[in-house]
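Per the numbering used here, the very first residue in the sequence shown carries number 53; after that it's consecutive.
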Amino acid sequence: MNLNKEIPTKNPISLNKFVAMSGLCSRKKAEVLIKAGLITINHAPMTNPAYKILGKDTVRYKKQILKPESKIYILLNKPRGFVTTTADDFDRKTVFDLIDIKKKSELHSIGRLDIDTAGALILTNDGDLTQKLSHPKYKAKKTYHVTLKKPIDQTYLEKMKAGVKLEDGFIKPDRVFIVPKSERKVIGIQIHSGKKHIIKRIFMHIGYFIKKLNRPSFAGISTRTLGIGAWRHLTKREISLLSK
Ligand code: URA
């Protein structure tokens, strides 16, 4: 997982990968910056994203020297009452207040959770992975547990399974189920859409008020072993599963 701080000489990497590894931006964005002539090597613009970086090369964006940095991948079991942005205009607590690592200022969250939603949130400095998992094409599956004030009626459950038409388009969850022993008051819903307030909007549409919203898993990574507010680094296996 940890990438060398030095420019690798054995297996030289391409310029676009190098720029992304520096944390400046995603690989896709790097390609745009390179083609626009904004990345220089030893002070000369290099517009070929496939150029192989050599040990003696100094890569710059404007005046900033770029260096590959180690990637960080954290799974947080987000508590309610925290926002997922890095800074908040209203001075509310952010999820980054819960992390105590040196490089936390480099991190951002992959996707978002509302302030009153708890559960799985991945924090990273890997722009490529963020872009990939945020793209609907990749279909990162999120599982939510929705606690309702009253038991759900079978008719409405079926309506949700069939899909509902919201103001920004039709949405059909991948799976909808009643959580066992919940007396029909906790509904499991699997979805790959990352649209804002998507779960709340679906339940509002069918006329049910959400009492509590929790996300026990994101892209197959579960908070099962984490207490609320606790976090851990992802394992190598989890990182390679996400990156596939
Ligand atoms: N859908 C919501 O309504 N809220 C969240 O936090 C996540 C998904």
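Ideal placement from N, C-alpha and C gives every residue a C-beta, glycine not left out.
Endpoints, the alpha helix (DSSP H) within which Lys130 is located: As a working mapping, residue 130 is identified with position 78 in the sequence shown. Counting along the chain, Lys130 falls outside any alpha helix (DSSP H), though it belongs to the beta strand (DSSP E) covering Tyr125 to Lys130.
Could you check whether Ile91 and Val111 sit closer than 8 Å to each other, using their CB atoms as the reference points? Looking up residue 111 in the sequence shown gives position 59. Looking up residue 91 in the sequence shown gives position 39. Yes, the pair counts as a contact, with Cβ atoms nearer than the cut-off.
Within its chain, find whatever has a CB closer than 6 Å to the CB of Cys77; leave out the 5 residues flanking it on each side and keep chain order. What you label residue 77 is simply residue 25 of the sequence shown in a count that begins at 1. Cβ neighbours of Cys77 beyond the five flanking positions: Gly179.
For ligand 1, any of its heavy atoms closer than 7 Å to the Cβ of His249? Looking up residue 249 in the sequence shown gives position 197. Indeed, a heavy atom of ligand 1 lies less than 7 Å from the Cβ.
So the alpha helix (DSSP H) Ala88 belongs to, where does it begin and stop? Your numbering for residue 88 matches position 36 in the sequence shown. Premise fails: Ala88 is in no alpha helix (DSSP H) and is neither H nor E.
With distances taken from CA atoms, which of Pro225, Ile105 and Asp168 is nearest Ala192? Reading the sequence shown from its first residue, position 140 is the one you call residue 192. The residue from Pro225, Ile105 and Asp168 with its alpha-carbon nearest to that of Ala192 is Pro225.
Contiguous beta strand (DSSP E) assignments of at least 3 residues, all confined to the region 202 to 229: Complete beta strand (DSSP E) runs here, min 3: 216 to 218 and 221 to 223.
Pick from Lys233, Ala102 and Ile254 that is closest to Lys211, judged by C-alpha positions: Start at 1 with the first residue of the sequence shown, and residue 211 comes out as number 159. Looking at the Cα atoms, Ile254 is the closest of the given residues.
Between the alpha carbons of Phe70 and Ile105, how many angstroms are there, rounded? What you label residue 70 is simply residue 18 of the sequence shown in a count that begins at 1. What you label residue 105 is simply residue 53 of the sequence shown in a count that begins at 1. Their backbone Cα atoms lie some 8 Å apart in a straight line.
Backbone secondary structure at Arg267 - three-state DSSP: Counted from its first residue, the sequence shown places residue 267 at position 215. Arg267 falls in the strand class under three-state DSSP.
How is the beta strand (DSSP E) around Val198 delimited, first residue to last? Here the question's residue 198 lines up with position 146 in the sequence shown. Looking at the DSSP string, the run of the beta strand (DSSP E) that includes Val198 is Lys194 to Leu200.
Roughly how many angstroms lie between the CA atoms of Lys252 and Ile258, to the nearest whole one? Here residue 252 is taken as the residue at index 200 of the sequence shown, counted from 1. Here residue 258 is taken as the residue at index 206 of the sequence shown, counted from 1. Each residue's alpha carbon lies about 10 Å from the other.
Heavy atom of ligand 1 within 7 Å of Lys252 beta-carbon: Position 200 of the sequence shown, counting from 1, holds the residue named residue 252. Relative to ligand 1, the nearest heavy atom lies less than 7 Å away from the CB of Lys252.
DSSP three-state call for Tyr190: helix, strand or coil? Position 138 of the sequence shown holds residue 190. Reduced to three states, the DSSP call for Tyr190 is helix.
Is there contact between the region 125 to 144 and the region 213 to 224, where contact requires at least three CB pairs shorter than 8 Å? no
Are there any heavy atoms of ligand 1 lying less than 7 Å away from the beta-carbon of Asp141, as far as the coordinates show? Looking up residue 141 in the sequence shown gives position 89. Answer for Asp141: no, Cβ out of range of ligand 1.
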